[in-house]
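K.L.:
Numbering (UniProt numbering), first residue to last: 1 to 287.
My questions all concern the structure below.
Written out as structure tokens, the structure reads:
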């Protein structure tokens with residue numbers, strides 16, 4: 001007769017408490033927004049998806065750890081939970097910024113506006129809960145048992161997420177320079193996403209070459225590719241073209257400006273990633 005053991009530490013540890021708060025706050029966020037009935041369009045759909053997705057996955061993580069079923073999964077559990085916590089923090093942070101910008105107008109009055117403001121506040125607290133989980137599970141210096149919980153691993157999740165935001169703003173571009181930038185975003189995203197998947201699936205250890213040095217080489221190459229995009233994208237996007245008036249949410253100028261800033265963010269992320277990866281591989285702490 002099978003006996004299911006219960007690991008109460010899954011909900012009583014600091015990480016477990018942070019996850020419980022994340023579940024509660026994300027549930028309150030999407031419940032308040034759903035009660036208003038105003039969350040249509042791409043921005044509202046994105047925010048509702050983010051809160052619901054984070055709520056469902058975090059609840060599943062808690063249940064699997066509580067019943068100790070996660071040990072039976074053929075994945076690196078620490079890498080999976082570290083990557084998800086980082087992803088959830090980014091998703092909820094984006095929703096905390098996008099939702100009030102798109103749905104709360106000034107002046108704000110009435111019961112519907114109060115619920116929208118409360119949902120925004122709960123979303124901000126939910127982001128803090130996920131950020132706390134990331135901080136609690138982050139690998140300490142010298143501990144590389146879980147790659148995605150190290151700074152380079154967390155940056156991999158950030159880089160892939162920012163690339164997804166860039167893709168959401170892209171349109172068709174006929175100029176060769178802009179097409180090169182799209183190729184940079186696509187190639188770096190695919191490789192970074194594969195690194196995340198292979199790490200979670202415990203497949204990177206089967207590579208016939210030194211993995212750490214391969215990652216350093218990739219980070220250096222990605223950094224150079226993004227450096228070209230940082231220069232080429234604004235050069236060909238805004239050269240001789242002024243901002244139209246009016247320029248709404250779907251205006252090409254706003255999208256191009258957003259892509260410019262996101263490209264800079266990812267360039268800086270790959271730079272920090274390269275620095276940390278190089279230190280982990282070539283600069284060993286004295287034993």
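Beta carbons are placed, not taken as given, at the ideal position from N, Cα and C, and that holds for glycine.
Could you give the DSSP three-state label for residue 174: helix, strand or coil?
P.N.:
In this structure, residue 174 counts as coil in the three-state DSSP scheme.
K.L.:
Quick one: is residue 15 buried, meaning 16 or more other Cβ sit within 10 Å of its Cβ, or exposed?
P.N.:
Buried.
K.L.:
For the pair the stretch 30-47 and the stretch 85-105, tell me if three or more CB-CB distances fall below 8 Å.
P.N.:
Yes: at least three Cβ pairs fall under 8 Å.
K.L.:
Let me know the secondary structure DSSP gives residue 69 once reduced to three states.
P.N.:
Residue 69 falls in the coil class under three-state DSSP.
K.L.:
Report the three-state DSSP secondary structure of residue 244 (helix, strand or coil).
P.N.:
Coil at residue 244, not helix or strand.
K.L.:
Whole angstroms is fine: what's the gap from residue 126's alpha carbon to residue 26's?
P.N.:
Cα to Cα, the separation comes out at about 6 Å.
K.L.:
On the DSSP letters alone, give me the boundaries of the alpha helix (DSSP H) that residue 166 sits inside.
P.N.:
Per DSSP, residue 166 belongs to the alpha helix (DSSP H) from 151-169.
K.L.:
On the three-state DSSP scale, how would you describe residue 254?
P.N.:
Residue state, collapsed to three classes: helix.
K.L.:
Rounded to whole angstroms, how far is the Cβ of residue 62 from the Cβ of residue 9, which I believe are closer than 8 Å?
P.N.:
Incorrect: roughly 12 Å between the Cβ atoms, too far for contact.
K.L.:
Between the stretch 245-255 and the stretch 201-217, are three or more C-beta pairs nearer than 8 Å?
P.N.:
No contact exists between the stretch 245-255 and the stretch 201-217.
K.L.:
Leaving out the 5 sequence neighbours to the left and right, which residues in its chain are closer than 8 Å to residue 262 when beta-carbon positions are compared?
P.N.:
Cβ within range, chain order: 162, 165, 166, 169.
K.L.:
Note down the Cα distance separating residue 232 from residue 175, rounded to an integer number of angstroms.
P.N.:
Going from the Cα of residue 232 to the Cα of residue 175 covers about 11 Å.
K.L.:
Given 8 Å as the limit, is there contact between the stretch 84-91 and the stretch 128-140, that is, 3 or more CB pairs closer than that?
P.N.:
As far as the Cβ criterion goes, the stretch 84-91 touches the stretch 128-140, which means the pair count is three or higher.
K.L.:
Tell me which same chain residues have a C-beta within less than 7 Å of the C-beta of residue 234, skipping the five on either side of it?
P.N.:
Result list for residue 234: 260, in chain order.
K.L.:
Is residue 104 helix, strand or coil by DSSP?
P.N.:
It is coil, neither helix nor strand.
K.L.:
Report all residues from its chain with a CB closer than 7 Å to the CB of residue 65; omit the five preceding and five following residues, and keep chain order.
P.N.:
Correct list, in chain order: 7, 10.
K.L.:
Whose C-beta lies closer than 6 Å to the C-beta of residue 52 among residues of the same chain, with five residues either side of it excluded?
P.N.:
Taken in chain order, the residues that qualify are 30.
K.L.:
Just checking, does the stretch 192-201 make contact with the stretch 146-163 on the three C-beta pairs under 8 Å criterion?
P.N.:
Yes, the stretch 192-201 touches the stretch 146-163.
K.L.:
For a quick check, are the C-beta atoms of residue 152 and residue 48 less than 8 Å apart?
P.N.:
No; because the gap between Cβ atoms is not below 8 Å, this pair is not in contact.
K.L.:
Between the Cα of residue 224 and those of 59, 270, 213, spot the shortest distance and give me the residue it belongs to.
P.N.:
The shortest Cα separation from residue 224 among 59, 270, 213 belongs to 270.
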